[in-house]
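**Student:** So that we are looking at the same thing, I have put the structure below in structure tokens.
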């Protein structure tokens, strides 16, 4: 019943738009799958969007999945090994920011996506060649090139999602994209070690060549993503031709100085984002030893519990996406997610309770936050700045992750896990503070962030009438 | 007691050859603690707690050096003694950990013949006595070393007493009080007999009656002072307050110790040991007489994987010895402060914001009602 309503509404919402833009070229003649105004076609686009990010998320965690093999075959210590991640993060501090501009201003969304996908492919190939030639610097350079494409591709993916699904199933789409990313990470974690052992059996010995070939095969996922980028570009152009749908930009001049025009709620969203994610990803990166030492877990059990956040977020992201779509009230959901994360970290820090409870809670709240937080940006930014805003958000998230990872390592070595947890609690608490502030500011300014789904519908109708 | 007047004294043997006998006397307002360390025989400590600030140690060297040393060491007056016990470090153990899997029945690997600490020759303790830090170091190597494994190496026992409660700068940074005495064992520069040798110490102590002292493993949430170590091991002689030994199950393969050089330290359960199977300590015999129940346990440092002694030919481990209640670590003020701010700030914000909104809303609705 409700689903039918949803579909009807989606189609209704499409109706007046088409009428406004003048007569389209006989959409009724096309089958549903090929008709850009129909749900079935949007689902096809959604599928391509999801696989667009799969390759980069799969390859991003290649080093983690092959940590022991990389360290052994390339003869590097953990510090040098971690540089593989640092080389990915550092360029993105700048490039995410420009990634938004490049999409909006230089390449357009279609060419931007294709170009970034190419960077991801080339980066992964160079990374693998570094293994084959036993040159660690080449691997680092590969990660650098990979990083240039990786995060910018995520911005492009988000921009595509907004351009196709804004006002329709946007939160659900964000949720699905995220779960696809998590599936990519999880598949990578479980597949790469197995793949390495198969190649090892095939070649008869382990070594840098085995590592390189394994990574090269992993790069196939990047080719898959590049194909998705090409298909998306075609379909997007076709939709533009048929529906006179625009390419996600208005043609207004965007300057670097746009950043100073960002509203206070947007800055608060940035702070929430950075403070939240730095308390999740570096924790997962350093978590395995925590579970073995504090809770006496075996190595396999520690790996399992450490990945549970991703495992939970894969199925739960679409569910929460739908929930947030149906209810609205994004700030309240973000508040719940951040508060639950705070509770989860406190459980891990100050109790000896079974950590599965805390980690499952963390997984749930992490999924909920992603579904409720990221779409909020679209409510506070004019559409032509959306790419810039998302790019900026990812950029400072990268900056935060790069810096906090280093700090977290230092804290862990000098003060231990309890202090590290307290540090993460402080970060989450800062995030919580920003959520509360965002709620108050939104309330005081009469903003639209915390509208329920019904209120959003009413406003949309009043605009179209 | 909070503070004690601590003095370190080397009791000389005027009669014969050099023998190390270190007397640590810690005087409080109502009590005196005596720690007597000696490398006569295997390295040993006799710890005695008395309920008077005036108790004294009496040493009879000729008796102590005789084959029957009973009565050669006494704390007077005898009726002031509240607690007494002893620890004897009898042997240095070494295992070959190559080809050892974690699931093997003997996870340590094949043992090499142990070094008996009774057959070590020790430095002159007077030279290493430092009254400023209240510390002294026993440094020794085997008297007979045909394979010259200790040619450039030594086994050192650094003993330190404290006049007040504090915490050392080196991990594992155990909290110590004026009632305790810290022992730091370091094996430096000795050549291991295998590529991946694990070292261990055999420790003997005196049982109370027929039972052995109890070994406790305490789990804690706090690893601030010993990163990634969430456990504290304790040896308790009888019900509290009595004597205790306390250590973090961690050793270090580098100086200064850090997380990257941390080795796990395993303690075997205490088991009753026959006196003749252990190297005998004359000072323990002299103080406690010949009728004693010995209990022994092994401490082993490191695992077959990860860092180990083989990295830098260095190994250090420390423990606290004391009388009374063992020091209990609490959360540090910094942790408590950060938590107070981290939880207080959003809470206050929520409260304050809610209040403002409520008042605002009230005004707004009043305004509406007038309309």
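Protein chains in written order, with this note's numbering: chain C, 45 to 509; chain X, 1141 to 1511.
All C-beta atoms, glycine included, are put in the ideal place defined by N, C-alpha and C.
According to a CB-to-CB cut-off of less than 8 Å, which residues of the stretch 1164 to 1177 of chain X neighbour chain C?
**Tutor:** So the list is empty, because no residue satisfies the distance condition.
**Student:** Buried or exposed: where does residue 1416 of chain X fall if 16 or more other Cβ atoms within 10 Å of its Cβ makes it buried?
**Tutor:** Exposed.
**Student:** Between which residues of its own chain and residue 1143 of chain X is the CB-CB distance below 8 Å, once the five residues before and five after are set aside?
**Tutor:** Once the five neighbours on either side are set aside, the close Cβ partners of residue 1143 of chain X are 1168, 1303, 1304 and 1318.
**Student:** What is the DSSP secondary structure of residue 1321 of chain X, reduced to helix, strand or coil?
**Tutor:** Correct three-state label for residue 1321 of chain X: strand.
**Student:** Which of the three DSSP states, helix, strand or coil, is assigned to residue 1374 of chain X?
**Tutor:** Residue state, collapsed to three classes: strand.
**Student:** Does DSSP put residue 1180 of chain X in a helix, in a strand, or in coil?
**Tutor:** Residue 1180 of chain X falls in the coil class under three-state DSSP.
**Student:** Is the beta carbon of residue 1267 of chain X less than 8 Å from the beta carbon of residue 1284 of chain X?
**Tutor:** Not in contact: residue 1267 of chain X and residue 1284 of chain X (Cβ atoms no closer than 8 Å).
**Student:** Give the residues of chain X in contact with residue 459 of chain C, contact being defined as C-beta atoms less than 8 Å apart.
**Tutor:** The answer, in chain order, is 1364 and 1367.
**Student:** For the stretch 1468 to 1494 of chain X, list every residue whose C-beta sits within 7 Å of some C-beta in chain C, in sequence order.
**Tutor:** Result list: 1475, 1478, 1479, 1482, 1483, 1485, 1486, 1489, 1490 and 1493.
**Student:** Can a CB atom of chain X be found closer than 8 Å to the CB of residue 477 of chain C?
**Tutor:** Yes, residue 477 of chain C counts as interfacial toward chain X.
**Student:** Tell me the DSSP secondary structure of residue 1159 of chain X in three-state form.
**Tutor:** Reduced to three states, the DSSP call for residue 1159 of chain X is coil.
**Student:** Give me the subset of the stretch 1437 to 1449 of chain X whose CB atoms are less than 7 Å from a CB atom of chain C, sorted by chain position.
**Tutor:** Listed by position, the residues of the stretch 1437 to 1449 of chain X near chain C (Cβ gap below 7 Å) amount to none.
**Student:** Nearest to residue 440 of chain C by CA position, among C:451, C:388, C:319 and C:395, is which residue?
**Tutor:** For the residues C:451, C:388, C:319 and C:395, the minimum Cα distance to residue 440 of chain C belongs to C:319.
**Student:** Spatial neighbours of residue 1158 of chain X within its chain, please: CB distance less than 7 Å, with the 5 preceding and 5 following residues excluded, ordered by chain position.
**Tutor:** Excluding residues within five positions, the ones whose Cβ falls inside 7 Å are 1264.
**Student:** So what does residue 1231 of chain X bridge to, in DSSP terms?
**Tutor:** Beta-bridge pairing links residue 1231 of chain X to X:1256 and X:1342.
**Student:** Using the Cα positions of residue 355 of chain C and residue 1328 of chain X, report the straight-line distance between them to the nearest angstrom.
**Tutor:** Answer to the nearest angstrom: the Cα atoms are 48 Å apart.
**Student:** Can you list, in chain order, the residues of its chain whose CB lies under 8 Å from that of residue 1272 of chain X, leaving out five sequence neighbours each side?
**Tutor:** There are no such residues.
**Student:** Find the residues of chain X that neighbour residue 393 of chain C, judging by a C-beta separation of less than 8 Å, and give them in chain order.
**Tutor:** By Cβ distance, chain X contributes 1361.
**Student:** Which bits of chain C does residue 1399 of chain X rub up against, with CB to CB less than 9 Å?
**Tutor:** Simply 456, 457, 458 and 460.
**Student:** Can you check the stretch 413 to 439 of chain C for any alpha helix (DSSP H) of at least 4 residues that lies completely inside it and give the ranges in chain order?
**Tutor:** Runs of the alpha helix (DSSP H) inside the stretch 413 to 439 of chain C: 420 to 424.
**Student:** What does residue 1370 of chain X touch in chain C if you count any residue whose Cβ is under 7 Å from its own?
**Tutor:** Near residue 1370 of chain X (Cβ distances below 7 Å), the residues of chain C are 337 and 338.
**Student:** With a 10 Å radius around its C-beta and 16 neighbouring C-beta atoms as the bar for buried, classify residue 1333 of chain X as buried or exposed.
**Tutor:** So residue 1333 of chain X counts as exposed.
**Student:** So which residues of chain X does residue 473 of chain C contact, with C-beta pairs closer than 7 Å?
**Tutor:** 1482, 1483, 1485 and 1486, listed in chain order.
**Student:** Consider the Cβ of residue 1357 of chain X: report whether some Cβ of chain C lies at a distance smaller than 8 Å.
**Tutor:** For residue 1357 of chain X, the answer is no, since every Cβ of chain C falls outside 8 Å of its Cβ.
**Student:** Within 10 angstroms of the Cβ of residue 285 of chain C, are there 16 or more other Cβ atoms? Answer buried if so, exposed if not.
**Tutor:** It counts as exposed.
**Student:** Alpha helix (DSSP H) containing residue 319 of chain C: first to last residue?
**Tutor:** Its alpha helix (DSSP H) spans residues 308 to 321.
**Student:** Quick one: complete alpha helix (DSSP H) runs, 4+ long, within the stretch 1377 to 1434 of chain X?
**Tutor:** As far as the stretch 1377 to 1434 of chain X is concerned, its whole alpha helix (DSSP H) runs of at least 4 residues are 1422 to 1428.
**Student:** Let me know the secondary structure DSSP gives residue 1459 of chain X once reduced to three states.
**Tutor:** Of the three classes helix, strand and coil, the one that applies to residue 1459 of chain X here is strand, per DSSP.
**Student:** What did DSSP end up calling residue 1357 of chain X once you bin it into helix, strand or coil?
**Tutor:** It is a strand residue.
**Student:** For residue 1286 of chain X, count the other beta carbons within 10 Å of its own beta carbon; 16 or more makes it buried, fewer makes it exposed. Which is it?
**Tutor:** By the 10 Å Cβ count, residue 1286 of chain X comes out exposed.
**Student:** Looking only at DSSP bridge pairs, what is residue 1190 of chain X linked to?
**Tutor:** Bridge partners of residue 1190 of chain X: X:1172 and X:1221.
**Student:** Distance check for residue 132 of chain C and residue 189 of chain C, CA to CA, integer angstroms please.
**Tutor:** Their backbone Cα atoms lie some 8 Å apart in a straight line.
**Student:** Hey, how far is the Cα of residue 394 of chain C from the Cα of residue 1476 of chain X?
**Tutor:** Approximately 12 Å between the Cα atoms of the pair.
**Student:** Which residues in the same chain have their Cβ closer than 8 Å to the Cβ of residue 297 of chain C, if we skip the five residues on either side of it in sequence?
**Tutor:** Note that residue 297 of chain C scores 40 on pLDDT, short of 50, meaning its location in the model is unreliable and no value can be drawn from it.
**Student:** Please state if the CB of residue 94 of chain C and the CB of residue 220 of chain C are separated by a distance shorter than 8 Å.
**Tutor:** Contact flag set, yes.
**Student:** Verify whether the separation of the beta carbon atoms of residue 333 of chain C and residue 1489 of chain X is less than 8 Å.
**Tutor:** For residue 333 of chain C and residue 1489 of chain X, no; Cβs fall outside 8 Å.
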